[in-house]
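Below is one structure; the comments refer to it alone.
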Amino acid sequence: MSAQSPRYIPVSSPARLGESPFDDLLPVTAQAMMDRFDHPLSSQSWVMNDPGRRDRCYAVLLLSGRAQIALRQGVIECKAPALVWLPLGETQRFTVNAGGEGYLLSVADDLVARHCGDGGMAGGSPAGGGLPLRLAADTVHNVIPAENSENLSHLRRSFEAIRAELMQNALGASLVVGAHLQIILTMVLRLAESVMEQRDKHRPGSITFQRFLQVLELHFREHWNVADYATALGVSERRLGSAVLRATGKPPLTVIHERVLREACMRLEQSPLGVAQIAYGLGFRDPAYFSRFFKRYMGEAPGGYRRLRRAAERVRDDTFAAWP
29 MSAQSPRYIP VSSPARLGES PFDDLLPVTA QAMMDRFDHP LSSQSWVMND PGRRDRCYAV
89 LLLSGRAQIA LRQGVIECKA PALVWLPLGE TQRFTVNAGG EGYLLSVADD LVARHCGDGG
149 MAGGSPAGGG LPLRLAADTV HNVIPAENSE NLSHLRRSFE AIRAELMQNA LGASLVVGAH
209 LQIILTMVLR LAESVMEQRD KHRPGSITFQ RFLQVLELHF REHWNVADYA TALGVSERRL
269 GSAVLRATGK PPLTVIHERV LREACMRLEQ SPLGVAQIAY GLGFRDPAYF SRFFKRYMGE
329 APGGYRRLRR AAERVRDDTF AAWP
């Protein structure tokens with residue numbers, strides 16, 4: 029199906045905050061926007077990589093169908109139900125396939141900071157009730173609320189409530205939008221924690237480890253070191269190392285190298301590109317260094333690994349009858 033023309037989301041100008049939550053110089057409609065997509069007949073795209081849109085965070089609630097989110101590094105493939113939170117500066121394009129249903133929320137980062145900042149105040153109490161909502165808002169999250177679950181119902185109500193407030197733009201709309209932003213980010217943390225409990229059967233450090241895995245997916249091709257990841261997560265190297273070691277039994281550098289190796293193995297097995305091209309695609313400036321790196325961990329050079337895997341594939345084809 030042919031895609032519709034990209035839709036450009038309006039962006040607010042910076043707002044100077046007053047002492048009262050009702051003192052905004054800009055209405056909340058200039059700081060947030062909600063798009064509801066309801067089973068479109070063809071794919072729809074929203075483009076967000078204009079420099080003027082870098083003050084925006086985005087949240088996607090996909091209720092049915094599939095969608096793709098292009099980031100600065102990589103693409104998130106979504107299958108409903110899905111909740112994706114995207115911090116400012118990360119998102120390039122959002123595309124929902126024909127037949128999809130859900131919401132796309134665009135919100136200025138200063139609105140997020142005011143209502144979800146660690147030190148902010150909302151309703152007379154610390155924003156988020158002590159939860160690290162601001163840290164969550166600064167990280168890419170892709171979590172899966174179970175179908176027909178209470179979590180999914182909460183999310184749907186919050187997205188719809190924000191949409192209604194933006195349409196009405198009544199007195200105190202910014203407070204209501206901010207309250208539902210807290211709910212959305214709380215659900216992000218809750219679902220991320222649930223994923224880690226099921227995967228690693230541990231509680232301490234699971235949020236830090238989950239966030240590390242998400243940032244790793246975005247930057248492993250850039251060959252970040254452990255200090256780079258700790259800085260991006262806003263934690264110390266020691267805290268990151270403890271969280272990763274507790275979750276995996278391995279230091280962070282080993283987990284980083286293993287992610288690069290998984291990608292290298294997949295490309296060597298499935299891609300027609302030469303070893304040098306694969307090395308460059310993985311961020312290695314020197315194919316010879318890539319070969320040494322690969323052999324140190326895998327016990328054989330990339331070319332040898334590819335030949336062995338393809339030979340094994342041919343054996344399977346000879347052993348089992350292929351479909352016509």
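Heads up, the sequence shown is in my numbering, so the first residue is 29 and it goes up one at a time.
Glycine residues also receive a C-beta, built at the ideal position from the N, C-alpha and C atoms.
Asp137 to Ser299, Cα distance in whole Å? CA-CA distance, Asp137 to Ser299, rounds to 39 angstroms.
Quick check: what's the CA-CA separation for Glu297 versus Arg337? Distance between the alpha carbons of Glu297 and Arg337: 7 angstroms.
Completely contained beta strand (DSSP E) runs for the stretch 65-125, where each covers 3 or more residues: Entirely contained in the stretch 65-125, the beta strand (DSSP E) runs reaching 3 residues are, in chain order, 72-75, 84-92, 94-99, 103-107, 110-114 and 119-124.
Buried or exposed: which applies to Leu199, given that a residue is buried once 16 or more other Cβ atoms fall within 10 Å of its Cβ? Counting other Cβ atoms within 10 Å of its Cβ, Leu199 stays below 16 and is therefore classed as exposed.
Along the chain, which unbroken stretches of the alpha helix (DSSP H) at least 4 residues long are found entirely within the stretch 251-294? As far as the stretch 251-294 is concerned, its whole alpha helix (DSSP H) runs of at least 4 residues are 254-261 and 265-276.
For Gly130, which of helix, strand or coil comes out of DSSP? Note: Gly130 maps to strand in three-state DSSP.
With DSSP as the reference, label His230 as helix, strand or coil. With a pLDDT of 38 at His230, under the threshold of 50, the modelled position of this residue cannot be trusted, and the question is left open.
Output needed for Val283: all residues of its chain with C-beta closer than 7 angstroms, excluding positions within five of it in sequence on either side, in chain order. Here the set comprises Val272 and Thr276.
Could you check how far apart the C-beta atoms of Met62 and Leu133 are, in whole angstroms? I think they sit under 8 angstroms. Indeed they touch by this definition, with Cβ atoms about 5 angstroms apart.
State whether the stretch 173-182 contacts the stretch 247-266, with contact taken as three or more CB pairs (one from each stretch) at a distance under 8 angstroms. Taking 8 angstroms as the limit for Cβ pairs, the verdict is that the stretch 247-266 does not touch the stretch 173-182.
Where does Ala174 fall in DSSP's three states? Residue state for Ala174 is assigned as coil, using DSSP reduced to three classes.
Take Ile211 as the anchor and find which of Gly128, Arg184 and Thr236 has the nearest alpha-carbon. Checking every option, the nearest Cα to that of Ile211 belongs to Arg184.
Secondary structure at Pro49, three-state DSSP: helix, strand or coil? At Pro49 the pLDDT is 44, less than 50, meaning the model places this residue with poor confidence; the figure from the coordinates comes in the next sentence. Here DSSP, grouped into helix, strand and coil, assigns Pro49 to coil.
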